[in-house]
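K.L.:
Numbering (our numbering), first residue to last: -1 to 211. C-beta: ideal position from N, C-alpha, C; glycine also. My questions will all concern the structure given below.
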Ligand code: DGL
């Protein structure tokens, strides 16, 4: 049975690469909704409707399990889908759970009270829709205490990458990191909360400095 991997466009290939490397024996079907990308500037209903339609396509292609590689869909649409839409016998998972598991060093099913974690100051870089959803802060608050999250909406970066304009993408990343640092001068860790950002990870790292994980 193939596993579906969905993204609003090409960026989710970074996630497909990562999961395919971990699970080489699993067949994957990738669907990128380039016709409607970017999702990161759309409203919640729009993201929800487009993500449901994309999942229908992957169900029709024989996938019973779908991974929403798209952070925007995971943050904005997934909870609503799981509560009221995902058909019986099918599963749709997102990227926020593993992100928060990694940050808090605990499994999702661990329902013990929130506790202190190693990182105290976290910079979240994401699309405007993901930042506006506050999904990351909400899920984190159930599991960790004392973590200060500063979110930076990185307008323009996805479009520049999709258009292949890496000079513009890199300039925008540097300016978004500067904007973040004005709000949080010394983050311990940075979350690249968008499928496309691993493609410019080194630019984030250089702008943030070597001490930021
Ligand atoms: N795939 C989206 C995400 O990870 C970024 C691209 C978009 O805005 O559609 O948030």
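#1: Of all the options 185, 87, 54 and 163, which has the alpha carbon lying nearest to the alpha carbon of residue 150?
#2: Got a sec? Which residues, its chain only, sit under 7 Å from residue 144 by beta carbon, not counting five neighbours each side?
#3: For residue 140, name the three-state secondary structure that DSSP assigns.
#4: Throw me the rounded Cβ distance for the residue 142 and residue 112 pair, which I believe falls under 8 Å.
#5: List the endpoints of the continuous beta strand (DSSP E) containing residue 150.
#6: Thinking residue 66 and residue 49 are a contact (beta carbons under 8 Å), I'd like their distance in whole angstroms, please.
#7: Helix, strand or coil for residue 121? Go by DSSP, reduced to three states.
#8: Residue 1 and residue 68 - do their beta-carbons sit closer together than 9 Å?
#9: Flag this pair as touching only if the region 158 to 165 and the region 122 to 132 have three or more C-beta atom pairs under 8 Å; answer yes or no.
#10: For residue 17 and residue 78, I'd like the C-alpha separation in whole angstroms.
#11: Note down, in chain order, each residue of its chain lying with its Cβ closer than 6 Å to the Cβ of residue 187, except the 5 sequence neighbours on either side.
#12: On a Cα-Cα basis, can you pick out the residue from 169, 182, 158 and 173 that is closest to residue 9?
#13: If you measure between the beta carbons of residue 74 and residue 35, is that distance less than 9 Å?
#14: Run through the region 35 to 111 for me and flag every whole beta strand (DSSP E) of 3 or more residues, listed as ranges in chain order.
#15: Figure out for me which residue from 43, 105 and 56 has the closest Cα to the Cα of residue 85.
#16: Is residue 28 near ligand 3, judged by its Cβ being under 8 Å from some heavy atom?
#17: Going along the chain, which residues of its own chain have a beta-carbon closer than 7 Å to the beta-carbon of residue 190, five neighbours each way excluded?
#18: I need the DSSP call for residue 180, collapsed to helix, strand or coil.
#19: If we ignore side chains and look at the alpha-carbon of each, how far apart do residue 80 and residue 90 end up?
#20: Return the first residue and the last residue of the beta strand (DSSP E) that residue 187 is part of.
#21: If you measure between the beta carbons of residue 138 and residue 102, is that distance less than 9 Å?
#22: Any heavy atom of ligand 1 within a distance shorter than 8 Å of the CB on residue 47?
#23: What does the alpha-carbon distance come out to for the pair residue 28 and residue 3?
P.N.:
Reading off the structure:
#1: Position 152 of the chain shown, counted from the first residue, corresponds to residue 150. With distances taken between Cα atoms, residue 150 lies closest to 185.
#2: On the chain shown, position 146 is the one that residue 144 refers to. Excluding sequence neighbours, residue 144 sits near 114 and 118.
#3: Taking the chain shown and counting its residues from 1, one reaches residue 140 at position 142. Here residue 140 sits in coil by DSSP.
#4: Stepping through the chain shown from its first residue, residue 142 is reached at position 144. Stepping through the chain shown from its first residue, residue 112 is reached at position 114. With a Cβ gap of about 5 Å, residue 142 and residue 112 count as contacting.
#5: Position 152 of the chain shown, counted from the start, is the residue given in the question as residue 150. It spans 146 to 151 - the beta strand (DSSP E) in which residue 150 sits, taken as one unbroken run.
#6: Counted from its first residue, the chain shown places residue 66 at position 68. Counted from its first residue, the chain shown places residue 49 at position 51. Yes, residue 66 and residue 49 are in contact; Cβ-Cβ is about 7 Å, under 8 Å.
#7: As a first step, residue 121 is located in the chain shown; it is residue number 123 there, counting from the start. If DSSP states are grouped into helix, strand and coil, residue 121 belongs with the strands.
#8: Position 70 of the chain shown, counted from the start, is the residue given in the question as residue 68. Position 3 of the chain shown, counted from the start, is the residue given in the question as residue 1. Cβ distance not < 9 Å, so residue 68 and residue 1 don't count as in contact.
#9: no
#10: Along the chain shown, read from residue 1 onward, the residue named residue 17 stands at position 19. Along the chain shown, read from residue 1 onward, the residue named residue 78 stands at position 80. The alpha-carbon atoms of residue 17 and residue 78 are separated by roughly 25 Å.
#11: Reading the chain shown from its first residue, position 189 is the one you call residue 187. For residue 187, where only same-chain residues beyond five positions count, the Cβ hits under 6 Å are 117, 120 and 211.
#12: As a working mapping, residue 9 is identified with position 11 in the chain shown. Ranking the options by Cα distance to residue 9, first place goes to 158.
#13: In the chain shown, counting from the first residue as 1, residue 74 sits at position 76. In the chain shown, counting from the first residue as 1, residue 35 sits at position 37. For residue 74 and residue 35, no; Cβs fall outside 9 Å.
#14: 63 to 66 and 89 to 91
#15: In the chain shown, the residue the question calls residue 85 occupies position 87. Residue 85 has its Cα closest to that of 56, out of 43, 105 and 56.
#16: Ligand 3 is absent from the structure shown, which contains only ligand 1.
#17: The residue you call residue 190 lines up with position 192 of the chain shown. Cβ within range, chain order: 123, 196, 199 and 202.
#18: For the purposes of this step, residue 180 is identified with residue 182 of the chain shown, where counting begins at 1. Three-state result, residue 180: helix.
#19: In the chain shown, counting from the first residue as 1, residue 80 sits at position 82. In the chain shown, counting from the first residue as 1, residue 90 sits at position 92. Spanning the two alpha carbons is a distance of roughly 7 Å.
#20: As a first step, residue 187 must be located in the chain shown, where it is residue number 189. Per DSSP, residue 187 belongs to the beta strand (DSSP E) from 187 to 191.
#21: Numbered from 1 along the chain shown, position 140 holds the residue referred to as residue 138. Numbered from 1 along the chain shown, position 104 holds the residue referred to as residue 102. Going by C-beta atoms, residue 138 is nearer than 9 Å to residue 102.
#22: Here residue 47 refers to the residue found at position 49 when the chain shown is read from its first residue. Because no heavy atom of ligand 1 lies under 8 Å away, the Cβ of residue 47 does not count as near it: no.
#23: For this step, residue 28 is matched to residue 30 along the chain shown. For this step, residue 3 is matched to residue 5 along the chain shown. Their backbone Cα atoms lie some 5 Å apart in a straight line.
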